[in-house]
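Student:
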Amino acid sequence: MDRRTFLTAAGTGAAALSLGAVTASSAQAVTPAGPRLLHHWFRDTYRAIEAMTTDFGLVTDKIDLSAPGAPAQSIQTSPTNIGCGLWSTVAAAGLGVIGESAMIRSLTRTVTAVEKLERHHGFWLNWYDAHDGSVLTEWPDTGDPVRPFLSSVDNAWLVTGLRIAADAAPSLRARTDRILATADWSYFYTPYDPADPVAGPGQLRGGVWTDTDEPTPHHYGALNTEPRMASYLGIADGSLPGDHYWHLLRTMLPEHEQEQSPGGGYVTVDGVRVWNGHYTHRGRKLIPTWGGSMFEALMVPLFVPEPQWSPRAWGLTHQRYVRGQIDHGLREAQYGYWGFSPSNVPEGGYQEYGVDALGLAVDGYASNTDRTHTTDGDPLPPPSAFTNGVVTPHASFLALPYARREAVANLRALDRDFGAYEEGLGFRDSVNVSTGRVSDFMLALDQGMVIAALAQELRPGLLQRPFRTGGFRSRVRPLLERERFSI
193 MDRRTFLTAA
203 GTGAAALSLG
213 AVTASSAQAV
223 TPAGPRLLHH
233 WFRDTYRAIE
243 AMTTDFGLVT
253 DKIDLSAPGA
263 PAQSIQTSPT
273 NIGCGLWSTV
283 AAAGLGVIGE
293 SAMIRSLTRT
303 VTAVEKLERH
313 HGFWLNWYDA
323 HDGSVLTEWP
333 DTGDPVRPFL
343 SSVDNAWLVT
353 GLRIAADAAP
363 SLRARTDRIL
373 ATADWSYFYT
383 PYDPADPVAG
393 PGQLRGGVWT
403 DTDEPTPHHY
413 GALNTEPRMA
423 SYLGIADGSL
433 PGDHYWHLLR
443 TMLPEHEQEQ
453 SPGGGYVTVD
463 GVRVWNGHYT
473 HRGRKLIPTW
483 GGSMFEALMV
493 PLFVPEPQWS
503 PRAWGLTHQR
513 YVRGQIDHGL
523 REAQYGYWGF
533 SPSNVPEGGY
543 QEYGVDALGL
553 AVDGYASNTD
563 RTHTTDGDPL
573 PPPSAFTNGV
583 VTPHASFLAL
593 PYARREAVAN
603 LRALDRDFGA
613 YEEGLGFRDS
623 VNVSTGRVSD
633 FMLALDQGMV
643 IAALAQELRP
653 GLLQRPFRTG
663 GFRSRVRPLL
673 ERERFSI
């Protein structure tokens, strides 16, 4: 999966619910059918995860629903996909879809498979054969060569899944501890050099090619993107310094080219001079992501309770980000639907989708396959310019804590108007809302986000337990509590 990065060179409907995890009292605002519907969606989505799981114990990258008979599994899997399978199994047990013994069997099988996978420097390569665990050297569909690569962000999601598995199944804890003992995040880290912050930015590399031990030329510089999960894991276990958090960028520096000229100013936190920038979208100040997609902003808080630990900073920007996505879909592009995030192209392939104005990248992720971009300060393109708009259901599930009623209504509309829901398996990956074309695929990453989001709604904190204690409580939480975005 192509996760864009950058080099560091220096509403409609009812109001959103309160920030943070939904409590029993806030759940009362939803009609009685709401929880039952969410449980139904959860059960079916977990069946999709089961359909993706091979006899070897790994979740494949995707399943194809277009062929007759059972869904066809892909050959490949990634660390992210494997992590999704682990936390989905724990969530299924926590919500009573499977029993504890079934959970233990499934987790044990996956942990056994993970133990057999080839690793480098304590981390996992980006692509394996999900059916036997061998390293992929060529892409299954095309035969193109696959260069062995260690991705910092993809490894973070497998580590996340392993920590959740160990928390849920103490009998596996010793084995997962041994697996994780050599996963040292400093391997990806370039220490901060005040004399040369370009060469030494205090950030994580995107990854390393193991055939040459060559790191990527870029670092993950943006704070509000999904790689911050790797940052949190490293800070929590002590392999990364706490000031790494402050060397991540809320926006690019004001003198650098980016989607919008940022507001804000410099502040000093923990001895670090921080450009405390923000963007403004439809009158709302927020912290942009790299490309403007939903999962960049909202995958991490499925596990790390950012809105609770930082309600006036992280919690506020998450809420406003969701509102920006809703407004783009319903008002700016006038699709009638919303929720833009990297997904399968309904006609085939994969593309990053997002709201251009919510991202740092000039001409970042567009909400349509035809890539209609916006330019800050110029009039918006007319709605007729947004041809082949693509909405992905997982984006609505990520929005549940911040706009629950709107999210459920949007999902129901995708099912009612396009048949996007596959009974027994959950939502298909994406819909071209301009033509009605629905994806033939379900992707493990996207279904894994749906599972985690529903688990957080139906049993708040279930998958967050490992990330509320230990180093997360003592090292990460104080950073989030000190965060003061200029919004």
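Residue 679, in our numbering, is where the sequence shown stops; the numbers in between run on with no holes. Glycine included, C-beta positions come from ideal geometry on N, C-alpha and C.
In angstroms with no decimal places, state the Cα-to-Cα distance between Leu-522 and Gly-653.
Tutor: 31 Å
Student: So, for Val-282: in the same chain, excluding its five sequence neighbours on each side, which residues have a beta-carbon less than 7 Å away from its beta-carbon?
Tutor: Met-295, Ile-356, Ala-357, Ala-360 and Leu-655
Student: For Glu-406, is the classification buried or exposed, using 16 other Cβ atoms within 10 angstroms of its Cβ as the cut-off for buried?
Tutor: When all chains shown are included, Glu-406 counts as exposed.
Student: Nearest to Gly-463 by CA position, among Val-351, Ala-587, Tyr-384 and Met-491, is which residue?
Tutor: Tyr-384
Student: So, for Gln-268: in the same chain, excluding its five sequence neighbours on each side, which residues have a beta-carbon less than 8 Å away from its beta-carbon?
Tutor: Cβ within range, chain order: Thr-252, Asp-253, Trp-319, Tyr-320, Asp-321, Ala-322, Leu-328, Trp-331 and Pro-332.
Student: Residues bridged to Thr-135 by DSSP?
Tutor: Missing from the structure shown is residue 135; the chain here goes from 193 to 679 and no further.
Student: Could you tell me the distance, in whole angstroms, from the CA atom of Arg-311 to the CA atom of Trp-377?
Tutor: 14 Å
Student: Which ranges does the alpha helix (DSSP H) cover as unbroken runs of at least 4 residues, wholly within the region 480-511, from first to last along the chain?
Tutor: 486-490 and 498-501
Student: If you count every other CB in all the chains shown that lies within 10 Å of the CB of Tyr-594, and 16 or more means buried, which is it?
Tutor: In the assembly as shown, Tyr-594 is a buried residue. Its beta-carbon has 16 or more other beta-carbons within 10 Å.
Student: DSSP state of Val-222, grouped into three classes?
Tutor: The predicted position of Val-222 is uncertain, since its pLDDT is 35 and thus under 50; a value taken from the coordinates is nonetheless stated next. If DSSP states are grouped into helix, strand and coil, Val-222 belongs with coil.
Student: How about Asp-632 and Leu-257: are their beta carbons less than 9 Å apart?
Tutor: yes
Student: List the whole-angstrom C-beta distance separating Val-625 from Val-583, where the pair is believed to meet the contact cut-off of C-beta under 8 Å.
Tutor: Yes, Val-625 and Val-583 are in contact; Cβ-Cβ is about 5 Å, under 8 Å.
Student: Does Ala-216 come out as helix, strand or coil in the three-state DSSP assignment?
Tutor: Because the pLDDT of Ala-216 is 29, which lies under 50, any placement of that residue in the model is unreliable, and the number read from its coordinates should be weighed accordingly. It is helical.
Student: Quick one: using the 10 Å Cβ neighbour count with 16 as the cut-off for buried, is Gly-507 buried or exposed?
Tutor: Gly-507 should be labelled buried.
Student: Should the region 445-454 be called in touch with the region 382-402, which here means at least 3 C-beta pairs below 8 Å?
Tutor: no
Student: What residue range does the alpha helix (DSSP H) around His-586 cover?
Tutor: 585-590 is the span of the alpha helix (DSSP H), which, as asked, contains His-586.
Student: Starting from Val-625 and walking both ways along the alpha helix (DSSP H), at which residues does that stretch end?
Tutor: It is not in any alpha helix (DSSP H) - Val-625 carries neither H nor E in the DSSP assignment.
Student: Could you pull the DSSP bridge partners for Met-634 from this structure?
Tutor: Ile-255
Student: Going by C-alpha to C-alpha distance, which of Ile-518, Gly-314 and Phe-619 sits closest to Thr-374?
Tutor: Gly-314
Student: Between Arg-442, Arg-515 and Phe-487, which has its C-alpha nearest Tyr-471's C-alpha?
Tutor: Comparing alpha carbon positions, the residue from Arg-442, Arg-515 and Phe-487 closest to Tyr-471 is Arg-442.
Student: How about His-586 and Gly-531: do their beta carbons lie closer than 9 Å?
Tutor: yes
Student: Terminal residues of the continuous beta strand (DSSP E) containing Trp-467?
Tutor: That run of the beta strand (DSSP E) goes 464-473.
Student: Alpha carbon to alpha carbon, how far is Tyr-542 from Gly-291?
Tutor: Their Cα atoms are separated by approximately 35 Å.
Student: Assign Ser-622 to buried or exposed, taking buried as 16 or more other Cβ atoms, counted over all protein chains shown, within 10 Å of its Cβ.
Tutor: buried
Student: If you follow the beta strand (DSSP E) that Phe-341 is part of, which residue opens it and which one closes it?
Tutor: 341-343
Student: Relative to the C-alpha of Leu-350, which residue among Thr-334, Asp-435, Thr-627 and Ile-371 is closest?
Tutor: Ile-371
Student: Just mark Glu-615 as buried or exposed, buried being the case when its beta carbon has 16 or more other beta carbons within 10 Å.
Tutor: exposed
Student: Would you mind giving the Cβ-Cβ distance between Thr-417 and Glu-488, rounded to the nearest angstrom? I have them listed as a contact below 8 Å.
Tutor: Indeed, because the Cβ distance is near 5 Å, the residues count as touching under 8 Å.
Student: Could you tell me the alpha carbon to alpha carbon distance between Val-303 and Ser-326, rounded to whole angstroms?
Tutor: 15 Å
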